[in-house]
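S.K.: Numbering-wise (the numbering used here), the sequence shown opens with residue 80 and increments by one. My structure is below; once you've seen it, I'll send some questions.
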Amino acid sequence: MRNSLRPMVWILAGCLWTQANAATIAVSIDLAADRHPLKQEIFGVSGAPDLGAVAYPLLRWGGNSTTRYNWQADVHNTASDWFFMNIPDGNGTPSGSSVEALLASTLAAGSQPLLTLGTIGWTPKAVQQKRWGYSVIKYGPQLVTECSYFGSNPPAWCTADAGNGTCNPAQNQTGHCNASGLIVGNDPLDTADPATPQTQTAWIAHLQQRFGTAASGGVRYYALDNEPMLWNSTHRDVHPQPLTYDEIWQRTVDYAGAIKVQDPGARIFGPVTWGYCDLFGSAADNCLDGSDRAAHGGVPFVKWYLQQVCSYQAQHGVRLVDFLDLHYYPQGDGVVDFSDPPNGSETATISARRLRSLKELYDPTWQSESWLADLGDTSPWHYSHP
């Protein structure tokens, strides 16, 4: 029953119509209902848009290439998106780097950046030089190289020695091509140097000198890497083993703890999942196996992760993760138009299918239009419908 003492706002939609004989619709808004205001930062964008044209409250610097970024040399690694390559950016120094320029323009526009800090334990070598993770000379012939990708007329700038890490065991007899057709046993030091939490807090200290602390108008939001449950594929040249519950939590403790010491006003996003599978299990579970989840009492991964955050706060008085960061990609076919150029070519059917896929997140009666439906309607695959 509605409490008649609560303040109400009534809008007569019919007052807004000029069309003759239009039906009058009454809409009521209960100002005292159990609702909470939305933080404006939920409205954001990823990338580097013209903030002068659209004042997005939040701008995310993220994606696969942010997992391995050397802030001192302004070098990023493209990971599996492009031949696991180190690509130099900017002037090769921290001051005036490509990322620092993005942060400066974002803050100047009155927006807040969400800065991804790598937790993978590797950073590109501090040289303004192109390097690659899977050398054909070193690890044998591979199915695709940066030059063969372009067919019979590759550009002059491509590197024929840069492979994509896939191979044919019948053709590659180096011992680096496994039965699954993947290059194994490569040396991470080909492109990377070890990194620690102190590598990232040194960057935060540099940014504090440039922009101030979180409390004084500097960078406030930090994400704990980007989709780490995909490291064993996206960044398999340096982290070939699938991530477990325990490893991602230990990295949360190490990196988030160090960030909070460096800037107590910082707000941290985690665990930065990639999709449906790591809502429920780790990369070690391979979406369906469940051995790692079983070793943690059968508790779905995100629920378990939040339990650790709360337990740590109760024991140490520090909240390591302030925002639950979940990514989600529709898994069905025909949910996006990948044609080139992409603008303006998408059909209404594709758009509608992609929009419907969101029901997988909130509608317990919805039957997924992708392989997710094959998982079945059993308790391991929903959170009270964690």
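Backbone N, C-alpha and C define an ideal beta-carbon position, used for all residues, glycine too. Values in this document were obtained by computation on a predicted structure and should not be read as measured data.
#1: Have a look at N243 and R289 and give me their C-alpha separation to the nearest angstrom.
#2: Restricting to Cα atoms, I'd like to know which of N170, I338, A180 is closest to T198.
#3: Between the beta-carbon of P409 and the beta-carbon of S436, is there less than 8 Å?
#4: Our contact map puts P128 next to W201 with C-beta atoms below 8 Å; I'd like the distance itself, whole angstroms only.
#5: Taking its Cβ as the centre, do 16 or more other Cβ atoms sit within 10 Å of W150, making it buried, or is it exposed?
#6: Starting from D272, trace the beta strand (DSSP E) in both directions and tell me its first and last residue.
#7: DSSP state of I108, grouped into three classes?
#8: Do N305 and T145 have their CB atoms nearer than 8 Å?
#9: Spell out the partners DSSP gives T195 in its beta bridges.
#10: Can you give me the C-alpha to C-alpha distance between L454 and M308, rounded to a whole angstrom?
#11: Can you find the residues in the same chain that come closer than 8 Å, C-beta to C-beta, to K209, ignoring five residues on each side of it along the sequence?
#12: Who are the Cβ neighbours of P86 in its own chain at under 7 Å, not counting the five residues just before and after it?
#13: Can you grab the Cα-Cα spacing for the pair T253 / N247, in whole Å?
#14: Here's the rule: buried if 16 or more other CB atoms are within 10 angstroms of the residue's CB, otherwise exposed. What is P192?
#15: Which of the three DSSP states, helix, strand or coil, is assigned to L95?
#16: Could you check the C-alpha separation between G297 and T444 for me, to the nearest Å?
M.R.: In this structure, then:
#1: Counting from 1 along the sequence shown, the entry for residue 243 is found at position 164. Counting from 1 along the sequence shown, the entry for residue 289 is found at position 210. A direct Cα-to-Cα measurement between N243 and R289 gives close to 38 Å.
#2: The residue given as residue 198 occupies position 119 in the sequence shown. Considering only alpha carbons, the answer is I338.
#3: Locating residue 409 in the sequence shown gives position 330, where the first residue counts as 1. Locating residue 436 in the sequence shown gives position 357, where the first residue counts as 1. Contact annotation: P409 and S436 have beta-carbon atoms nearer than 8 Å.
#4: Against the sequence shown, residue 128 aligns to sequence position 49. Against the sequence shown, residue 201 aligns to sequence position 122. With 8 Å as the limit, P128 and W201 do not qualify as a contact, their Cβ atoms being about 30 Å apart.
#5: Taking the first residue of the sequence shown as 1, we reach residue 150 at position 71. By the 10 Å Cβ count, W150 comes out buried.
#6: Walking along the sequence shown from the start, residue 272 turns up at place 193. Looking at the DSSP string, the run of the beta strand (DSSP E) that includes D272 is 271–273.
#7: One-based indexing of the sequence shown puts residue 108 at position 29. Three-state DSSP puts I108 in a strand.
#8: In the sequence shown, counting from the first residue as 1, residue 305 sits at position 226. In the sequence shown, counting from the first residue as 1, residue 145 sits at position 66. Cβ distance < 8 Å, so N305 and T145 count as in contact.
#9: Against the sequence shown, residue 195 aligns to sequence position 116. The secondary-structure analysis by DSSP pairs T195 across a beta bridge with A302.
#10: Walking along the sequence shown from the start, residue 454 turns up at place 375. Walking along the sequence shown from the start, residue 308 turns up at place 229. Each residue's Cα considered, the two are about 19 Å apart.
#11: Position 130 of the sequence shown, counting from 1, holds the residue named residue 209. Only residues of its own chain outside the window of five on either side were considered, and among them M164, N165, I166, P167, T238 have a CB closer than 8 Å to the CB of K209, listed in chain order.
#12: By 1-based counting over the sequence shown, the position of residue 86 is 7. For P86, the pLDDT reaches just 34, beneath the cut-off of 50, and the residue's location in the model is therefore unreliable, although a value from the coordinates is still provided. The answer, listed in chain order, is L110, A111.
#13: To locate residue 253, count along the sequence shown from 1; it is residue 174. To locate residue 247, count along the sequence shown from 1; it is residue 168. Cα to Cα, T253 sits roughly 11 Å from N247.
#14: Within the sequence shown, the letter at position 113 stands for residue 192. Under this definition P192 is a buried residue.
#15: The residue you call residue 95 lines up with position 16 of the sequence shown. Unreliable placement is indicated for L95, whose pLDDT of 37 sits below 50; the coordinate value is still reported in the next sentence. Annotated three-state conformation of L95 is helix, per DSSP.
#16: Numbered from 1 along the sequence shown, position 218 holds the residue referred to as residue 297. Numbered from 1 along the sequence shown, position 365 holds the residue referred to as residue 444. In this structure, the CA atom of G297 is about 45 Å from the CA atom of T444.
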